[in-house]
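Enquirer: Pasting a structure below so you can have a look.
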Amino acid sequence: MLKINLVVSAILLSFFISLKAQVIKSEALKETQSSGKIRLVKNIYPGYSLISAFLLTKKANEGDPIAQHEIGLRHLLAEGFESDTVKAVYWIEKAAAKGLSVAEYNLGLMKYNQIGTEWDPYAAYKLFESAAEKDFAQAQLALGLSMTDNLIVTRNMGKAYELVKRSVDNGYEPAEEVLEEFKKLGFDPEDTTKVEEKETKVAEDEIFDLSLMMDDYSQEYSEKDDSSSKNIMILKEFLKENKSELRKKMGLKESESDTLKGEEEALKMITGASDDGSPEALHLLGRFYSEGIGYKKDRVKATEYFLRAVRLGSYKSIKPVWNLIGTKEFFSILKKRIDRGETSAMYVWAALTAFGLDFQLSSNQALDLLKKASSGGHIPSLIETGLCYLSGTLVEKNENKARTYFEDAMKSGSLEAEIRLRIMDLKETGDANKLEKAASFISDASNKGSLLAQTALAFCYENGLGIKMNKAKAVQLYRSAATRGDEKAFNSLKRMFDEVRPEGEEFKIYE
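Each residue of the sequence shown is one higher than the one before, starting from -2 at the first, in my numbering.
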């Protein structure tokens, strides 16, 4: 079920954050939307856009809902009126109260995105519902998507499909793209495929943007042949993609000027992203080592990268770990490499123990391996030892010792270790200046592709730690992290919705 949630979260994220629709930029929005973007519908009554501010105000005060809506938009866009999101909400709310569908839709977006008002996804839902009943195409799409993720109302894919289809029939072009996504997921009433087969298809098909490059559902590691020609072809094709696509798939911001010059450059980018905390990049490096693409085939090294990806939230990386450690002589090879003093091998066996994936070592033996690897400067072992002390896994909890190990890893150049230190600062300090510095650092790390930082930044926005509280921004970040496979982020997302859930049957969630 989580996999389906991640897919529909991605669809919702694309709608509320980056869907191909009208983009409005305004100084008034910058405090609440770092991108300065919100998809509002304007100029639906073009004659009103030409009316002077004086006459428009007169009409609005006389109760004309179209004039009220127009004034609200002008306040939002600072066109002939002062830039003021609160006043924008005031006037658009008046128009919505009179049943003007475009005002209901725009007000719904403002409430969902916390523009000039409190974050209220349930009020937004009711506004979308009212506008959709009036056949307002944009609202039909918004309402349909709101029925897909079990956050506002219980998931109803049939009703969601129907609403999106109506939006398409009413001429709303962005809805066509969403409808195609529904069909790819198997949610098409005209498709006679059995429900069970559809659900299997969802589980086995493309869940993440990394598509087949991240897909291990059919991946097996046989003793005679550790790879298949198909997998090798897929991975090599991945390395040939343009650099902006690689950036997107690593969780990094796009740079349209980048071009890919060869496999070596692509591998360098992926390695850099892995160092910055991208679980997608770590997962791919695991695949490369397991397939012998760009590197000598090495199952132990592959397992190390997969385990690091799991630690950073990639639940999808667990499957290849199971496949690798289940192969013949894996542990005998691992032991030989530990006896040779290889820190990567020490980390792998200790981490498997800490994760509860293997029980051949005692807690003390696993911790000793981590400490030995740490003394050799192995950064993943330094971080894992710190996490053991932080959580009380394998050893008695000791946050001071955890901080010491993180600091040692940070001194060796680990961004992940510094992120973990700043997260500790967020939870331990009440110093406003220190909180602000921690939040700023975490924001920068999130922009570099760190999933850990992205989730931490969401926590900052949710609680106003070192940054202005913005629930809508927190929801956006948690949702984005969830689409990258972070189950904790998805659980945080559900918690945020549950905390403000109204009483009554309409918004009760049935799993």
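Where a beta carbon is used, it is the ideal one built from N, C-alpha and C, also for glycine.
#1: How close, in whole Å, do the beta carbons of Ile416 and Ser447 come, if the pair is a contact with beta carbons under 8 Å?
#2: Could you tell me which uninterrupted alpha helix (DSSP H) segments, each at least 4 residues in length, are contained entirely in the segment 362 to 426, listed from first to last along the chain?
#3: Note down, in chain order, each residue of its chain lying with its Cβ closer than 7 Å to the Cβ of Lys198, except the 5 sequence neighbours on either side.
#4: Can you grab the Cα-Cα spacing for the pair Val99 / Ala134, in whole Å?
#5: So Leu432 and Gly463 are in contact, right, with Cβ under 8 Å, and what is the actual spacing, rounded?
#6: Buried or exposed: where does Val83 fall if 16 or more other Cβ atoms within 10 Å of its Cβ makes it buried?
#7: Since I believe Lys298 is in contact with Ser341 (beta carbons under 8 Å), could you give me their beta-carbon distance rounded to a whole number of angstroms?
#8: Just to confirm before moving on: does the CB-CB distance between Leu331 and Val345 stay below 8 Å?
#9: Which residues mark the beginning and the end of the alpha helix (DSSP H) in which Ala129 is found?
#10: Check whether the segment 119 to 127 touches the segment 58 to 74, taking contact to mean three or more Cβ pairs, one atom from each stretch, closer than 8 Å.
#11: Measure from the alpha carbon of Arg308 to the alpha carbon of each residue in Cys385, Glu508 and Met466, then state which is nearest.
#12: For Leu367, which residues of its own chain have a beta-carbon under 6 Å away from its beta-carbon, when the five flanking residues on both sides are left out?
#13: Using the rule of at least 16 other Cβ atoms within 10 Å of the residue's Cβ for burial, across every protein chain shown, is Ser489 buried or exposed?
#14: CB-CB under 7 Å to Gly113, same chain, minus the five flanking residues each way: which ones, in chain order?
#15: Roughly how many whole angstroms lie between the Cα atoms of Thr452 and Glu500?
#16: How far does the alpha helix (DSSP H) with Arg476 in it reach, from first residue to last?
#17: Give a yes or no on whether the C-beta atoms belonging to Lys162 and Leu140 are separated by under 8 Å.
#18: Just the Cα atoms here: how many angstroms apart are Asn147 and Lys505?
#19: Could you tell me whether the Cβ atoms of Leu391 and Ser372 are closer together than 8 Å?
#20: Helix, strand or coil for Lys465 per DSSP?
#21: Do Tyr122 and Ser560 count as a contact pair if the criterion is CB distance below 8 Å?
Expert: Answer, in terms of the structure:
#1: One-based indexing of the sequence shown puts residue 416 at position 419. One-based indexing of the sequence shown puts residue 447 at position 450. At roughly 6 Å, the Cβ-Cβ gap stays under 8 Å, so Ile416 and Ser447 are in contact.
#2: Qualifying alpha helix (DSSP H) stretches, in chain order: 376 to 388, 396 to 408 and 412 to 425.
#3: As a first step, residue 198 must be located in the sequence shown, where it is residue number 201. Note that Lys198 scores 42 on pLDDT, short of 50, meaning its location in the model is unreliable; the coordinates nonetheless yield the value given after this. In its chain, beyond the 5 residues on either side, Gly183 have a beta carbon closer than 7 Å to the beta carbon of Lys198.
#4: Taking the first residue of the sequence shown as position 1, residue 99 is located at position 102. Taking the first residue of the sequence shown as position 1, residue 134 is located at position 137. Looking at the two C-alpha atoms, the distance is approximately 10 Å.
#5: As a working mapping, residue 432 is identified with position 435 in the sequence shown. As a working mapping, residue 463 is identified with position 466 in the sequence shown. Yes, they are in contact, since the Cβ atoms of Leu432 and Gly463 sit about 4 Å apart, within 8 Å.
#6: To locate residue 83, count along the sequence shown from 1; it is residue 86. Exposed, since its Cβ has fewer than 16 Cβ neighbours within 10 Å.
#7: Working through the sequence shown from its first residue, we reach residue 341 at position 344. Working through the sequence shown from its first residue, we reach residue 298 at position 301. About 6 Å separates the Cβ atoms of Ser341 and Lys298, confirming a contact at the 8 Å cut-off.
#8: To locate residue 331, count along the sequence shown from 1; it is residue 334. To locate residue 345, count along the sequence shown from 1; it is residue 348. Between Leu331 and Val345, the C-beta spacing is below 8 Å.
#9: Against the sequence shown, residue 129 aligns to sequence position 132. Element bounds for Ala129: Pro118 to Glu130.
#10: Contact fails between the segment 119 to 127 and the segment 58 to 74, because fewer than three Cβ pairs, one in each stretch, are under 8 Å apart.
#11: Translated into the one-based positions of the sequence shown, residue 308 becomes position 311. Arg308 has its Cα closest to that of Cys385, out of Cys385, Glu508 and Met466.
#12: Position 370 of the sequence shown, counting from 1, holds the residue named residue 367. For Leu367, where only same-chain residues beyond five positions count, the Cβ hits under 6 Å are Ala347, Ser378, Glu381 and Thr382.
#13: For the purposes of this step, residue 489 is taken as residue 492 along the sequence shown, with counting starting at 1. Burial state of Ser489 is buried, judged by a 10 Å Cβ sphere holding 16 or more other Cβ atoms.
#14: In the sequence shown, counting from the first residue as 1, residue 113 sits at position 116. If we look at Gly113 and ignore the five residues flanking it on each side, its Cβ neighbours are Thr82, Val83, Ala85, Val86 and Met107.
#15: Mapped onto the sequence shown, residue 452 falls at position 455. Mapped onto the sequence shown, residue 500 falls at position 503. CA-to-CA, the gap between Thr452 and Glu500 works out to about 29 Å.
#16: On the sequence shown, position 479 is the one that residue 476 refers to. Run containing Arg476: Lys468 to Thr480, per the alpha helix (DSSP H) assignment.
#17: Here the question's residue 162 lines up with position 165 in the sequence shown. Here the question's residue 140 lines up with position 143 in the sequence shown. It is not a contact, given that the beta carbons lie outside the stated cut-off.
#18: The residue you call residue 147 lines up with position 150 of the sequence shown. The residue you call residue 505 lines up with position 508 of the sequence shown. Distance between the alpha carbons of Asn147 and Lys505 is about 9 Å.
#19: What you label residue 391 is simply residue 394 of the sequence shown in a count that begins at 1. What you label residue 372 is simply residue 375 of the sequence shown in a count that begins at 1. The Cβ atoms of Leu391 and Ser372 do not sit closer than 8 Å to each other.
#20: As a first step, residue 465 must be located in the sequence shown, where it is residue number 468. Three-state DSSP puts Lys465 in coil, outside helix and strand.
#21: Residue 560 lies beyond the range of the chain shown here (-2 to 508); nothing can be said about it.
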